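Participant:
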Amino acid sequence: MASLTTSETEDSGLTSLLYDPKARGLLFQVLLLTAVVSFFAWILDNTITNLAAQGKKSGFGFLGETSGFQILTTLGTFVMEARAGVATYLDVFWIGVINTLIISFIGIIAATLMGFLMGIFRLSSNVVLRGFATFYVEILRNIPLLLQIFFWYFVVLRALPDKRASGMSMGFLGEFPMNVTGLYTSYPIFLEGFSSVVWAFLAACVLAWVVSWLAKKRQEATGRQFPSFWVGLLIVVAIPLFVFYQLGGPLEMESARFLNVGDPILDANGEPTGRTASKIKAGYVPGEGGVIKPEFIALWLALSLYTASFIAEIVRAGILAVPGGQTEAAKALGISPSVTLRKVIIPQAMRVIIPPLTSQFLNLTKNSSLAIAIAYPDLVSIFAGTALNQVGQEIEMIFMMMMVYLIISLGTAAFMNWFNARMMLVER
Amino acid sequence: MTFKNALCAISALGMAFGASTASADTLADVKAKGSVQCGVSQGLPGFSNQDDAGNWTGIDVDVCKAVAAAVFGDANAVKFTPLSAKERFTALSSGEVDILSRNTTWTMTRDTQLGLNFAGVNYYDGQGMMVPASLGVTSALELDGASICTNTGTTTELNITDFFRSNNMGFELVAFEKADEVVAAYDSGRCDVYTTDRSGLAAQRLKLADPAAHNVLPEVISKEPLGPVVRQGDDVWFNIVRWTLNAMINAEELGVTSANAAEMANSDNPGIKRLLGTEGNFGEALGLSNDWAMQAITQVGNYGESYEANVGANTPLKLNRAGSVNALWTNGGLIYAAPVR
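Going down the list, the sequences are from chains A and B.
Each residue of the first sequence is one higher than the last, beginning at 14 in this note's numbering.
Each residue of the second sequence is one higher than the last, beginning at 78 in this note's numbering.
Have a look at this one:
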């Protein structure tokens, strides 16, 4: 009797289990999980089998091997002190990462500044400014980015003087000679005592912050205003300058040097070697002064100007999203138009602007991989391009590259989310 | 969705995965597709280039066509995938193409680490340098401090680095993904020197604004044996590609051309009979029909025909064959194939 009851309950339990939505849900979850896990197991097994069949190596041992090819001089090669035949594939990887980061970082800054300017211009009552901004946005966002990169690189930067110094190449802005091989700058050499200037600058920054904080407190308490921005700027500029001159200017600028055809070539100690510069040797003397390669300039201009056209529209949308009553209320209170823009409109517009702005920053970072088209040695170009062709370990190398982009993108997104949350709190 | 449907869906999914597991039997895959997928360059006149009508021509293209003729009896049963230097090996490894016939240099790294097999050599090349005549340079040893344009992802980057380092000269390397951009950058004066394989220099200089105003320097700084490549680990397919190329070279040596192959099949020379399938079962041993070489030669031509039509003295490239390393071994060159027997 007892056993019968047990089997009856078990039976009805099993049936009811099948009709129980919770248990059925669990069953499907388990089935789905099994399917997903076996899918990835199948992919992994397939990969390992095929790699073994082709006799390919795997693992990350290749990173320690010497790479054996030269990379265009950029921030990456400068930081890593890379020399052909000495640099390992790991160095190549870091050179790529640094080059990608610097173009993204500088690109984002330029695109944001240009984008905000154009966005505000588009809403200006001045016909010329408004017309220019409309023209800018419509032209730049409607032309493919690759074409714009080619335009800057092959059209604009190719119109510059030849690399052989003929006086012509020195004509651009005087201090910044520019020719077809790049923009040349002076290179700062820090002498003893320069660190004091840096400390003075940091101290001035803290002081400026304290002044602005006190001014804000006072304004909240008494309503009296204080020009904390201008005073802060004065502090930040004047104090380090004062220290700099007190120490007798512990900084030398080494300017870029150019050779004309037929000029004597000097050795490392400045002694004449008895040889004169050929047409190949004429031009910039490597190792003196700094150089920004045209590949970098073209990519930077194209990326930031293109992205700025999208940011301009985001800014315009953000400003238009602030109800017109806010401007009218500010006007009624007698607040000047520029203060209205800074203190009333922009803070409210920011909460609309920031989320899509993040997407544009991420787009710019990922678009920087177009660098390979004009020989800028970014991560995709040298690591997933040249190095991959020498090593042939696609899976490891593409994985590393994807991780770098993921980390850069997640980092950018995390920063923007933090910034967004901060702007949200200001809202009342 | 009911319980039963879900189960069906999951098992169907499972079967789909099971069926699509990649196989190492390229010949069966190619036969199932009905065409050979051939990786070529993005446009290198004489080697693999698309004409105005969209047809691919060149000595690298002819290798693929000959393989298609050997497998299917139809030289047009081939589809082309233009690949950049950087993409080519990944495309081959991943199975996107069956043969990579894209002026690719045979090196040890590629043969071992990259998991590839070179089926032979269809052009013996070497890396050269081109400079504007106005620079007055006559030797590569005068190039200290030069900026040099080239393609990324090739052996040229390594060779030029080695050459300048071993001669203790400084240089700047500007590496572009596509040959067109290299030519444009060199032509506009970004670089003093354009370096690539000498056959490539002959082809690319045609794209310059004034081809006559540029000189190719006498130094050949590397050995670049170019040839078709397949994936490692599939010997059947490897043999088909290797022996199709060998058949084209042997045909030239034996005097078999696309025009006379049909009558030569009945010649008294047993070597010709074996090649053309009237004697022996050489085609079947490859897993093909016995007229495999006959089809390749009648539809595509022998090696010499392919050379003269695409890169020879009467083409814009003007790469004179007589006396060069690309002449037949009987004429003092290096073009030599193992016998069909």
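Ideal placement from N, C-alpha and C gives every residue a C-beta, glycine not left out.
Small disclaimer: the values here were computed from a predicted structure and weren't measured.
I'd like to know whether the C-beta of serine 382 of chain A is nearer than 8 Å to at least one C-beta of chain B.
Facilitator: Working through the first sequence from its first residue, we reach residue 382 of chain A at position 369. So, not an interface residue.
Participant: Show which residues of chain A have a CB atom less than 9 Å away from the CB atom of glutamine 309 of chain B.
Facilitator: Start at 1 with the first residue of the second sequence, and residue 309 of chain B comes out as number 232. Going along chain A in sequence order, the residues near glutamine 309 of chain B (Cβ under 9 Å) are Ala66, Gln67, Gly68 and Lys69.
Participant: Give the residues from the region 165 to 199 of chain B that approach chain A closer than 9 Å (Cβ to any Cβ), ordered along the chain.
Facilitator: If the cut-off is 9 Å between Cβ atoms, the region 165 to 199 of chain B has Arg165, Phe166, Thr167, Ser170, Ser171, Gly172, Thr186, Arg187, Thr189, Gln190, Leu191, Gly192 and Leu193 near chain A.
Participant: Classify alanine 426 of chain A as helix, strand or coil using the three-state DSSP reduction.
Facilitator: Numbered from 1 along the first sequence, position 413 holds the residue referred to as residue 426 of chain A. Of the three classes helix, strand and coil, the one that applies to alanine 426 of chain A here is helix, per DSSP.
Participant: Counting only runs that start and end within the region 137 to 202 of chain A, where is the beta strand (DSSP E) found for 3 or more residues in a row?
Facilitator: List check, beta strand (DSSP E) in window: 195 to 198.
Participant: Under a three-way DSSP split, which group does asparagine 199 of chain B fall into?
Facilitator: Within the second sequence, numbered from 1, the residue matching residue 199 of chain B stands at position 122. Asparagine 199 of chain B: coil per DSSP, three-state reduction.
Participant: At the 8 Å Cβ level, is aspartate 102 of chain B part of the contact set with chain A, yes or no?
Facilitator: Walking along the second sequence from the start, residue 102 of chain B turns up at place 25. False, the Cβ-Cβ gap to chain A never drops below 8 Å.
Participant: Identify whether glutamine 114 of chain B lies in helix, strand or coil by the three-state DSSP scheme.
Facilitator: As a working note, residue 114 of chain B is residue 37 in the second sequence. Residue state, collapsed to three classes: strand.
Participant: Shortest alpha-carbon distance to phenylalanine 145 of chain A belongs to which of A:Gly132, A:Asn155, A:Pro157 and A:Ile156?
Facilitator: Here residue 145 of chain A refers to the residue found at position 132 of the first sequence. Of the candidates A:Gly132, A:Asn155, A:Pro157 and A:Ile156, the one whose C-alpha sits nearest the C-alpha of phenylalanine 145 of chain A is A:Gly132.
Participant: State the DSSP-derived secondary structure class of serine 208 of chain A, mapped to helix, strand or coil.
Facilitator: Position 195 of the first sequence, counted from the start, is the residue given in the question as residue 208 of chain A. In the structure shown, serine 208 of chain A sits in a helix (DSSP, three-state: H, G or I).
Participant: Would serine 208 of chain A be called buried (16 or more neighbouring beta carbons within 10 Å of its own) or exposed?
Facilitator: The residue labelled residue 208 of chain A in the question sits at position 195 within the first sequence. So serine 208 of chain A counts as exposed.
Participant: Going by other Cβ atoms of all chains shown within 10 Å of its Cβ, with 16 needed for buried, is methionine 191 of chain A buried or exposed?
Facilitator: For the purposes of this step, residue 191 of chain A is identified with residue 178 of the first sequence, where counting begins at 1. Taking a 10 Å sphere around the C-beta of methionine 191 of chain A, we find 16 or more other C-beta atoms and assign the residue as buried.
Participant: In the region 76 to 105 of chain A, which residues sit with their C-beta less than 8 Å from some C-beta in chain B, listed in chain order?
Facilitator: Gly81, Phe82, Gln83, Ile84, Leu85, Thr86, Ala97 and Gly98
Participant: For isoleucine 9 of chain A versus isoleucine 366 of chain A, is the C-beta distance shorter than 8 Å?
Facilitator: Since the first residue shown for chain A is 14 and the last is 441, residue 9 of chain A is missing from the structure and cannot be characterised.
Participant: State the DSSP-derived secondary structure class of asparagine 403 of chain B, mapped to helix, strand or coil.
Facilitator: Against the second sequence, residue 403 of chain B aligns to sequence position 326. Secondary structure at asparagine 403 of chain B: coil, using DSSP grouped into helix, strand and coil.
Participant: Please check the pair cysteine 115 of chain B and lysine 156 of chain B, which I expect to be a contact at CB under 8 Å, by giving their CB distance rounded to whole angstroms.
Facilitator: The count along the second sequence starts at 1 and reaches residue 115 of chain B at position 38. The count along the second sequence starts at 1 and reaches residue 156 of chain B at position 79. About 7 Å separates the two Cβ atoms, so the contact holds.
Participant: For the putative contact between isoleucine 116 of chain A and alanine 384 of chain A, defined by C-beta atoms under 8 Å, what is the C-beta separation to the nearest angstrom?
Facilitator: As a first step, residue 116 of chain A is located in the first sequence; it is residue number 103 there, counting from the start. As a first step, residue 384 of chain A is located in the first sequence; it is residue number 371 there, counting from the start. At roughly 7 Å, the Cβ-Cβ gap stays under 8 Å, so isoleucine 116 of chain A and alanine 384 of chain A are in contact.
Participant: Under 8 Å: do the region 245 to 254 of chain A and the region 215 to 222 of chain A share three or more Cβ pairs, one atom per stretch?
Facilitator: yes
Participant: Looking at chain B, is there any beta carbon in it that lies within less than 8 Å of the beta carbon of asparagine 402 of chain A?
Facilitator: Working through the first sequence from its first residue, we reach residue 402 of chain A at position 389. With 8 Å as the cut-off, asparagine 402 of chain A counts as an interface residue toward chain B.
Participant: Using a threshold of 8 Å, state whether the C-beta atoms of serine 265 of chain B and arginine 171 of chain A are closer than that.
Facilitator: Here the question's residue 265 of chain B lines up with position 188 in the second sequence. Here the question's residue 171 of chain A lines up with position 158 in the first sequence. Yes, Cβ-Cβ distance for serine 265 of chain B and arginine 171 of chain A is below 8 Å.
Participant: Nearest-angstrom Cα distance between alanine 397 of chain A and leucine 375 of chain A?
Facilitator: For the purposes of this step, residue 397 of chain A is identified with residue 384 of the first sequence, where counting begins at 1. For the purposes of this step, residue 375 of chain A is identified with residue 362 of the first sequence, where counting begins at 1. In this structure, the straight-line span from the alpha carbon of alanine 397 of chain A to that of leucine 375 of chain A is close to 20 Å.
Participant: List the residues of chain B whose Cβ lies closer than 7 Å to the Cβ of lysine 292 of chain A, in chain order.
Facilitator: To locate residue 292 of chain A, count along the first sequence from 1; it is residue 279. By Cβ distance, chain B contributes Leu212 and Gly213.
Participant: Whole angstroms are fine: how far does the CA of isoleucine 317 of chain B sit from the CA of glycine 230 of chain B?
Facilitator: Taking the first residue of the second sequence as position 1, residue 230 of chain B is located at position 153. Taking the first residue of the second sequence as position 1, residue 317 of chain B is located at position 240. Going by the C-alpha atoms only, they are around 28 Å apart.
Participant: What does the Cβ neighbour count give for glutamine 232 of chain A, buried or exposed, with the cut at 16 atoms within 10 Å?
Facilitator: Against the first sequence, residue 232 of chain A aligns to sequence position 219. Answer is exposed; the Cβ neighbour count stays below 16.
Participant: Closer than 8 Å, CB to CB, is arginine 267 of chain B near chain A or not?
Facilitator: Counted from its first residue, the second sequence places residue 267 of chain B at position 190. So yes, arginine 267 of chain B belongs to the interface.
Participant: Contact criterion: CB-CB distance below 8 Å. Does alanine 99 of chain B meet it with respect to chain A?
Facilitator: Indexing the second sequence from 1 puts residue 99 of chain B at position 22. Summary for alanine 99 of chain B: the model assigns pLDDT 44, below 50, so the residue's position carries little reliability; its value from the coordinates is reported in the next sentence. Judged by the 8 Å Cβ criterion, alanine 99 of chain B is in contact with chain A.
Participant: What residue from A:Tyr102, A:Ser80 and A:Val211 has the CA that sits closest to proline 263 of chain A's CA?
Facilitator: To locate residue 263 of chain A, count along the first sequence from 1; it is residue 250. When each option's Cα is compared against that of proline 263 of chain A, the closest is A:Val211.
Participant: Taking C-beta pairs closer than 8 Å, name the residues in chain B that serine 394 of chain A reaches, listed in chain order.
Facilitator: The count along the first sequence starts at 1 and reaches residue 394 of chain A at position 381. Simply Thr229, Ala252 and Glu254.
Participant: Touch check for the region 316 to 334 of chain A and the region 78 to 91 of chain A: three-plus C-beta pairs under 8 Å?
Facilitator: no
Participant: Does serine 112 of chain B come within less than 8 Å of chain A when only Cβ atoms are used?
Facilitator: Locating residue 112 of chain B in the second sequence gives position 35, where the first residue counts as 1. Answer no: the Cβ-Cβ gap between serine 112 of chain B and chain A never drops below 8 Å.
Participant: Taking the runs of the alpha helix (DSSP H) that are 4 residues or longer, which of them lie wholly in the region 205 to 292 of chain B?
Facilitator: 232 to 243, 256 to 264 and 275 to 281
Participant: On the DSSP letters alone, give me the boundaries of the beta strand (DSSP E) that threonine 182 of chain B sits inside.
Facilitator: Locating residue 182 of chain B in the second sequence gives position 105, counting from the first residue. From DSSP, the beta strand (DSSP E) with threonine 182 of chain B extends over 176 to 182.
Participant: Measuring alpha carbon to alpha carbon, tell me which residue in B:Val307, B:Cys268, B:Lys284 and B:Ser112 is nearest valine 198 of chain B.
Facilitator: The residue given as residue 198 of chain B occupies position 121 in the second sequence. For the residues B:Val307, B:Cys268, B:Lys284 and B:Ser112, the minimum Cα distance to valine 198 of chain B belongs to B:Val307.
Participant: Output needed for leucine 160 of chain B: all residues of its chain with C-beta closer than 8 Å, excluding positions within five of it in sequence on either side, in chain order.
Facilitator: In the second sequence, residue 160 of chain B corresponds to position 83, counting from 1. Counting only Cβ-Cβ distances below 8 Å, and skipping sequence neighbours, we find Gly116, Val117, Ser118, Gln119, Ala168, Val174, Leu177 and Arg179.
Participant: Helix, strand or coil, according to DSSP, for glutamine 373 of chain A in the structure here?
Facilitator: The residue given as residue 373 of chain A occupies position 360 in the first sequence. In the structure shown, glutamine 373 of chain A sits in a helix (DSSP, three-state: H, G or I).
Participant: Mapping the DSSP letters down to three states, classify arginine 237 of chain A as helix, strand or coil.
Facilitator: On the first sequence, position 224 is the one that residue 237 of chain A refers to. Three-state result, arginine 237 of chain A: coil.
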